[in-house]
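*Asks:*
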Amino acid sequence: NAGVTQTPKFQVLKTGQSMTLQCAQDMNHNSMYWYRQDPGMGLRLIYYSASEGTTDKGEVPNGYNVSRLNKREFSLRLESAAPSQTSVYFCASSEAEQVKRGNTIYFGEGSWLTVV
Amino acid sequence: GENVEQHPSTLSVQEGDSAVIKCTYSDSASNYFPWYKQELGKGPQLIIDIRSNVGEKKDQRIAVTLNKTAKHFSLHITETQPEDSAVYFCAASIGSGGGADGLTFGKGTHLIIQP
Chain A
-5 NAGVTQTPKF
5 QVLKTGQSMT
15 LQCAQDMNHN
25 SMYWYRQDPG
35 MGLRLIYYSA
45 SEGTTDKGEV
55 PNGYNVSRLN
65 KREFSLRLES
75 AAPSQTSVYF
85 CASSEAEQVK
95 RGNTIYFGEG
105 SWLTVV
Chain B
530 GENVEQHPST
540 LSVQEGDSAV
550 IKCTYSDSAS
560 NYFPWYKQEL
570 GKGPQLIIDI
580 RSNVGEKKDQ
590 RIAVTLNKTA
600 KHFSLHITET
610 QPEDSAVYFC
620 AASIGSGGGA
630 DGLTFGKGTH
640 LIIQP
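Top to bottom, those sequences are chains A and B.
Following our numbering, the numbering of the first sequence begins with -5 at its first residue and continues without gaps.
Following our numbering, the numbering of the second sequence begins with 530 at its first residue and continues without gaps.
1) Please work out which residues of its chain come closer than 6 angstroms, Cβ to Cβ, to A:G10, disregarding the five sequence neighbours upstream and downstream, and give them in chain order.
2) In three-state terms, what does DSSP make of B:E534?
3) Of all the options B:T607, B:H639, B:F634, B:T638, which has the alpha carbon lying nearest to the alpha carbon of B:N532?
4) If you measure from the beta carbon of B:F618 to each beta carbon in chain A, is any gap under 8 angstroms?
5) What three-state label does DSSP hand B:P563 in the structure shown?
6) Less than 8 angstroms between CB atoms is the rule here; does A:F84 satisfy it with respect to chain B?
7) Tell whether a beta-carbon distance below 8 angstroms holds between A:R62 and A:S43.
8) Can you pull out the residues from the stretch 22 to 49 of chain A whose beta carbon lies closer than 9 angstroms to at least one beta carbon of chain B?
9) Decide if A:P33 is buried, meaning its Cβ has at least 16 other Cβ atoms within 10 Å, or exposed.
10) Give the C-beta separation of B:H601 and B:K551 to the nearest angstrom, bearing in mind that I take them to be a contact with Cβ-Cβ under 8 angstroms.
11) Indicate the three-state DSSP secondary structure (helix, strand or coil) for B:G628 in the structure shown.
12) Quick one: residues in its chain with C-beta nearer than 7 angstroms to the C-beta of A:T98, no 5 flanking neighbours on either side, listed in chain order?
13) Taking DSSP as the reference, what is the three-state secondary structure of B:Q610?
14) What did DSSP end up calling A:S61 once you bin it into helix, strand or coil?
15) Run down chain B in chain order and give the residues with a C-beta less than 9 angstroms from the C-beta of A:E103.
16) At least one CB of chain A closer than 8 angstroms to the CB of B:G637: is that the case?
17) Taking only beta-carbon atoms, is A:T108 less than 8 angstroms away from chain B?
18) Who pairs with B:T598 in a beta bridge, going by DSSP?
19) Using a Cβ-Cβ distance cut-off of 8 angstroms, determine whether A:T98 contacts chain B.
20) Sort out for me which residues DSSP pairs B:A615 with in a bridge.
21) Per DSSP, which residues does A:Q19 bridge with? Please list them.
22) Nearest chain A C-beta to B:F634 closer than 8 angstroms, yes or no?
23) For a contact meaning CB atoms closer than 9 angstroms, what does B:P524 contact in chain A?
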């Protein structure tokens, strides 16, 4: 029972390089999310996708782009990585379109990204 | 937007004692309040949640209470065990209006269970 799967687990980038974090869920969920986690800052929403074909900005979208490739997959792209993007990134998914209806968010195991 | 404050940032308790973590939220329209446990090197996992039409919910050693008037909610862990050591996050659904926009998280509490 895989749940939410993210790749890669670890990545080191040089400033200015680009990369894509991949995420897939096998729970047939409609909504998917990308969060970043920094020490003392908790989890902050970068982008989310309420349903296949839609994406919206969260709290900290600058420097990122996303693609909802299909219902299962939601990727996060860093076009020109900066040291400030060093963080742990979590992909997540939930069943319904609106978390306010009280639907649980399920997280992946995280991707550790270092930008030097 | 929603703002969630969580206290304390670190909590150390003796094994067998109780632990209480408190959160406040700003948006009175929020109606869903989950708690997540994050172990080292892992993603957050839901341990309990409460909706705004309920004042308290219990699941074995874990309970959550909600005071809508005061806009705060708390996690209570009784008879703590070493495996309870982790970082705990509270969260609240983001404010009014439409949109599937995830949750706003507190900054986390590092719970340490002393043997």
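The beta carbon of each residue, even a glycine, is placed where N, CA and C say it ideally should be.
*Replies:* If we stick to the structure as given:
1) Residue 10 of chain A sits at position 16 when you count from the first residue of the first sequence. S74.
2) Translated into the one-based positions of the second sequence, residue 534 of chain B becomes position 5. It is a strand residue.
3) Position 3 of the second sequence, counted from the first residue, corresponds to residue 532 of chain B. Nearest option by C-alpha distance: B:F634.
4) For the purposes of this step, residue 618 of chain B is identified with residue 89 of the second sequence, where counting begins at 1. B:F618 counts as touching chain A.
5) One-based indexing of the second sequence puts residue 563 of chain B at position 34. Looking at B:P563 - three-state DSSP - the assignment turns out to be strand.
6) As a first step, residue 84 of chain A must be located in the first sequence, where it is residue number 90. Interface residue, yes.
7) On the first sequence, position 68 is the one that residue 62 of chain A refers to. On the first sequence, position 49 is the one that residue 43 of chain A refers to. Going by C-beta atoms, A:R62 is nearer than 8 angstroms to A:S43.
8) N24, S25, Y27, Y29, Q31, G34, M35, G36, L37, R38, L39, Y42, S43, A44, S45, T48
9) Your numbering for residue 33 of chain A matches position 39 in the first sequence. Counting Cβ neighbours within 10 Å, A:P33 comes out exposed, since fewer than 16 surround it.
10) If you number the second sequence from 1, residue 601 of chain B lands on position 72. If you number the second sequence from 1, residue 551 of chain B lands on position 22. That belief holds up - the Cβ atoms of B:H601 and B:K551 are roughly 6 angstroms apart, short of 8 angstroms.
11) Translated into the one-based positions of the second sequence, residue 628 of chain B becomes position 99. The predicted model places B:G628 with a pLDDT of 42, which falls under 50 and marks its position as unreliable; any figure quoted below should be read in that light. In the structure shown, B:G628 sits in coil (DSSP, three-state: anything other than H, G, I, E or B).
12) Stepping through the first sequence from its first residue, residue 98 of chain A is reached at position 104. Answer for A:T98: S88, listed in chain order.
13) Locating residue 610 of chain B in the second sequence gives position 81, counting from the first residue. In this structure, B:Q610 counts as coil in the three-state DSSP scheme.
14) For this step, residue 61 of chain A is matched to residue 67 along the first sequence. Three-state DSSP puts A:S61 in a strand.
15) Locating residue 103 of chain A in the first sequence gives position 109, where the first residue counts as 1. Neighbours of A:E103 on chain B, chain order: G570, K571, G572.
16) For the purposes of this step, residue 637 of chain B is taken as residue 108 along the second sequence, with counting starting at 1. Output row for B:G637: interface = yes.
17) Position 114 of the first sequence holds residue 108 of chain A. With 8 angstroms as the cut-off, A:T108 does not count as an interface residue toward chain B.
18) Translated into positions along the second sequence, residue 598 of chain B becomes position 69. Bridge partners of B:T598: none, in fact.
19) Along the first sequence, one-based indexing puts residue 98 of chain A at 104. Answer yes: the Cβ-Cβ gap between A:T98 and chain B drops below 8 angstroms somewhere.
20) Sequence index remark: in the second sequence, residue 615 of chain B carries index 86 (1-based). In DSSP, B:A615 forms a bridge with B:L640.
21) Within the first sequence, numbered from 1, the residue matching residue 19 of chain A stands at position 25. In the DSSP assignment, A:Q19 is bridged to A:V(-2).
22) Along the second sequence, one-based indexing puts residue 634 of chain B at 105. Closer than 8 angstroms: yes.
23) Any question about residue 524 of chain B goes unanswered here, given that chain B covers just 530 to 644.
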